[in-house]
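**Student:** Can you read through this structure? Questions will come right after.
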Amino acid sequence: MTSREQHDRMANAIRFLSMDAVEKANSGHPGLPMGCADIATVLFTRFLKYDPKAPHWADRDRFILSAGHGSMLLYSLLHLTGYEDMTIDQIKHFRQLGSKTAGHPEYGHATGIETTTGPLGQGLANSVGFALGERIMNAAFGNDLVDHYTYVLAGDGCLMEGVSQEAIALAGHLKLNKLIVFWDNNNISIDGPVSLSDNTDQVARFQASGWNASHIDGTDPEAIAYAIEAARHSDKPTMIACKTTIGFGAPTKAGTNKAHGSPLGADEIAGARKFFNWDLPPFEIPADILDAWRTAGKAGAKARTDWEGRLAKADAKLKAEFERRLSGKLPSNFDAVISDYKKKLSVDKPKVATRKSSEMALEVINGAVPETIGGSADLTGSNNTKTSQTKNITSDDYGQRYVHYGIREHGMAAAINGLTLHGGLIAYGGTFLCFSDYARPSMRLASLMGIRSIFVMTHDSIGLGEDGPTHQPVEHMAALRAIPNHNVFRPADAVEAAECWQIALESEKTPSTLALTRQNLPTVRTEFVAENLSSQGAYELAAASGEAAVTIFATGSEVEIALGARDLLEKHGHPTRVVSVPCFELFDKQSDGYRKKTIGNAPVKMAIEAGIRQGWDQFIGSDGIFVGMTGFGASGTIEQLYPHFGITAEAAAKAAEARLHTR
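Numbers in our numbering are just positions in the sequence shown, counted from 1, shifted up by 179.
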């Protein structure tokens, strides 16, 4: 048992590493680490199951700093407990270019960082996916291999952001009792007291959402320990409201917004050193305190080796499947399964919406890949994300594969990221493409982290019809294509849908969005090709009868229109080729030679997409013809809307001929 004096000195090591690093960087947020050091010390020395020497150990507890602005708390903990890549030199180079100690914790920069946080509420919402992932994997592999907790440190800002309600409501509904959230209840935000903008009873709010929640003194180690112990014996998720003082120990700035987002200054730090009786120079930790922290870091090694022993003794088939899933690799027969399915499609030539062909592909995929976890934001029947293998996950049965997220697009996308980051699972979830706006912050972070989250976005154009312009996406393809490291797919038929799903599942370091139609589309890929043509991003679908006078580029439902325009132009003696463009991002990665050949030298270049032009000039040039949308849609049937906005084969052919006649 650590004495109170020892605990205080260990907590002070966090405080001074944090305030010194922020001071040296002349940038950062010292207040949270100073106020929450006691919580972190109790958690990391008495409860958290982890091993700095094996940071990716599958059954470790997860610690998520949702209040990512307090990143020096996490960096200090990683250094003190002995994570090899978090050296004192990294601490000294906090927020400097090239260091692992970025301004906010970034997944992949340093071991021990479970997810990228900073946009407030994201870590809390991710944690629902982490905690659900633990329960799903536990149901599949048992207590011997999967039995760990997810701990979160969240601030006032995390709880004010709307995504937090989506997250806590879902967690409470699913009774994710191994999720434990510490709320840094310091009553300060950047502008000043929280009371300037909020007076929510957060404990009552969490309780109303199906959580245990209670108030404690966040500077009392025994109160903290008691609350954690109680949470670990709960049948609900738990929120512990920890009353703290931001910038605790700073003589004039403690408890004020001046300790929140800027360095304390030399005088204030000198006062804090005096307050805590810490007379060491910056970045120096007493040897006995560093030893105590390193001892705490080594304590998890036995739990890890015990777990490794259980894994070694597990049934050989179970062990192999567990290790395959954790590696992120797909089953060895996956390519063959997709190839056989594509052969069938080329024979059957189905005329279905791509949301339906996505479901058809998922029926095959979910049968072959047991780790896929589906879901929808209350649009299951519209998104077609549920298959025969994916029955509902409930608080009584985590052994299934489908999550009803409710009308919570942002929370769903963040939870998908958490499921993905947990490991052993491939998560996808659906909503309407127009509502990608609600999910976009989490989609962006998936791209930043480089993880295999998959977003299924149906009703992808004015083709959804009578719901009108509030639901008809026009700028959304361009907006999603603007996100770096994000593959945005718009398949033209069932074959491309299968290929796009294959790419999404194989892209371990890039998230994917599949934009899918409501309206039925013919099969345009009628000849079986073993190669995944969609992986090239764009490819010639129909050649010209001679030297091409016109090249038409199109995606999704507009490929059918492009082929119709080609027929009209060919009949009028204008050789025309059609290029299907299922994914801009993958086309950008092809060789210069391939891209030049695919774009070609036709004097007239045209793009057809029922969205805005932005992004298409790379194919057609600034003087190319664009057939699509220049404003918002309208309420009406699909049969009315496409002619109304001039997105037809006849209009496209007429525009191409007019250009040819002016040349």
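From the three backbone atoms N, C-alpha and C, an ideal C-beta is built for every residue, glycine too. Keep in mind that this is a model prediction, so the values were computed, not measured.
Rounded to a whole number of angstroms, what is the C-alpha to C-alpha distance between residue 402 and residue 618?
**Tutor:** The alpha-carbon atoms of residue 402 and residue 618 are separated by roughly 38 Å.
**Student:** Less than 9 Å between the beta carbons of residue 760 and residue 742, yes or no?
**Tutor:** Not a contact, by the Cβ cut-off of 9 Å.
**Student:** For residue 528, collect the residues of the same chain with a Cβ closer than 8 Å to its Cβ; drop the 5 residues on either side in sequence, then sort them by chain order.
**Tutor:** Answer for residue 528: 701, 702, 705, listed in chain order.
**Student:** Should residue 157 be labelled buried (16 or more other beta-carbon atoms within 10 Å of its own) or exposed?
**Tutor:** Within the shown structure, residues of the chain are numbered from 180 to 842, placing residue 157 beyond reach of any answer.
**Student:** Taking the Cβ atom as the reference point for each residue, do residue 836 and residue 789 lie within a distance shorter than 9 Å?
**Tutor:** Not in contact: residue 836 and residue 789 (Cβ atoms no closer than 9 Å).
**Student:** What are the uninterrupted segments assigned as beta strand (DSSP E) that are 3 or more residues long and contained completely in the segment 675 to 709, given in chain order?
**Tutor:** Qualifying beta strand (DSSP E) stretches, in chain order: 691 to 694.
**Student:** According to the Cβ coordinates, are residue 609 and residue 658 closer than 9 Å?
**Tutor:** No, they are not a contact pair.
**Student:** Output the residue ranges of the alpha helix (DSSP H) runs that lie fully inside the segment 506 to 561 and measure 4 residues or longer, sorted by chain position.
**Tutor:** Here the runs fully enclosed are 513 to 527, 533 to 547.
**Student:** If the criterion is Cβ atoms closer than 9 Å, does the pair residue 662 and residue 634 meet it?
**Tutor:** Taking 9 Å as the Cβ cut-off, residue 662 and residue 634 do not qualify as a contacting pair.
**Student:** Assuming residue 342 contacts residue 590 under a Cβ cut-off of 8 Å, what Cβ separation, rounded to an integer in Å, is found between them?
**Tutor:** Yes, residue 342 and residue 590 are in contact; Cβ-Cβ is about 6 Å, under 8 Å.
**Student:** Does DSSP put residue 598 in a helix, in a strand, or in coil?
**Tutor:** Helix.
**Student:** Please report how far the alpha carbon of residue 546 lies from the alpha carbon of residue 524, in whole angstroms.
**Tutor:** Near 17 Å, if we compare the C-alpha coordinates of residue 524 and residue 546.
**Student:** From what residue to what residue does the beta strand (DSSP E) around residue 779 run?
**Tutor:** It is not in any beta strand (DSSP E) - residue 779 carries neither H nor E in the DSSP assignment.
**Student:** Give the DSSP-derived three-state secondary structure of residue 455 in the structure shown.
**Tutor:** Note: residue 455 maps to coil in three-state DSSP.
**Student:** Let me know if residue 285 comes out buried or exposed under the rule of 16 or more other beta-carbons within 10 Å of its beta-carbon.
**Tutor:** Buried is the call here.
**Student:** CB residue 754 to CB residue 733, shorter than 9 Å?
**Tutor:** Against a cut-off of 9 Å, the Cβ pair of residue 733 and residue 754 comes out as no contact.
**Student:** Hey, residue 417 and residue 392: beta-carbon distance below 9 Å or not?
**Tutor:** Yes, Cβ-Cβ distance for residue 417 and residue 392 is below 9 Å.
**Student:** Residues in the same chain with beta-carbon distance under 6 Å from residue 304, minus the five sequence neighbours each way, listed in chain order, please.
**Tutor:** If we look at residue 304 and ignore the five residues flanking it on each side, its Cβ neighbours are 342, 346, 590, 593.
**Student:** Between which two residues does the alpha helix (DSSP H) harbouring residue 191 extend?
**Tutor:** Counting along the chain, the alpha helix (DSSP H) containing residue 191 begins and ends at 183 to 204.
**Student:** Here's a check: name, in chain order, each residue in its chain whose Cβ is nearer than 6 Å to the Cβ of residue 632, leaving out the five neighbours to either side.
**Tutor:** Taken in chain order, the residues that qualify are 595, 596, 599, 625, 690.
**Student:** What does DSSP give as the partner residue(s) for residue 606 in the beta ladder?
**Tutor:** In the DSSP output, where bridge partners are listed per residue, residue 606 has 552.
**Student:** Using the Cα positions of residue 447 and residue 537, report the straight-line distance between them to the nearest angstrom.
**Tutor:** One C-alpha to the other measures close to 60 Å.
**Student:** Spatial neighbours of residue 320 within its chain, please: C-beta separation below 7 Å, excluding the five flanking residues on both sides.
**Tutor:** 497, 501, listed in sequence order.
**Student:** Measuring straight from C-alpha to C-alpha, what distance separates residue 324 and residue 218?
**Tutor:** Going from the Cα of residue 324 to the Cα of residue 218 covers about 28 Å.
**Student:** Rounded to whole angstroms, what is the Cα-Cα separation between residue 582 and residue 364?
**Tutor:** Their backbone Cα atoms lie some 31 Å apart in a straight line.
**Student:** Reducing DSSP to helix, strand and coil, say where residue 572 ends up.
**Tutor:** Residue state, collapsed to three classes: coil.
**Student:** Judging by CA-CA distance, which residue of 289, 369, 671 is the nearest neighbour of residue 717?
**Tutor:** Measuring from the Cα of residue 717, the nearest candidate turns out to be 671.
**Student:** Grab me the residues of residue 237's own chain with a C-beta within less than 6 Å of its C-beta, minus the 5 sequence neighbours each way, in chain order.
**Tutor:** Answer for residue 237: 505, listed in chain order.
**Student:** Can you give the Cα-Cα distance for residue 215 and residue 492, rounded to whole angstroms?
**Tutor:** One C-alpha to the other measures close to 41 Å.
**Student:** Using 8 Å for Cβ pairs, my map puts residue 763 next to residue 774. What's the rounded Cβ distance?
**Tutor:** Between residue 774 and residue 763 the Cβ distance is about 11 Å, and since that is not below 8 Å, they are no contact.
**Student:** So for residue 713, helix, strand or coil by DSSP?
**Tutor:** Helix, per DSSP.
**Student:** Which residues in the same chain have their Cβ closer than 6 Å to the Cβ of residue 668, if we skip the five residues on either side of it in sequence?
**Tutor:** Cβ within range, chain order: 679, 693, 761, 762.
**Student:** If residue 791 sits next to residue 807, beta carbons under 8 Å apart, how far is it from one beta carbon to the other, in whole angstroms?
**Tutor:** At roughly 7 Å, the Cβ-Cβ gap stays under 8 Å, so residue 791 and residue 807 are in contact.
**Student:** Does DSSP put residue 232 in a helix, in a strand, or in coil?
**Tutor:** Residue 232 falls in the coil class under three-state DSSP.
**Student:** Is residue 633 helix, strand or coil when you go by DSSP?
**Tutor:** If DSSP states are grouped into helix, strand and coil, residue 633 belongs with the strands.
**Student:** Grouping DSSP H, G and I as helix and E and B as strand, with all else coil, what is residue 719?
**Tutor:** Residue 719 falls in the strand class under three-state DSSP.
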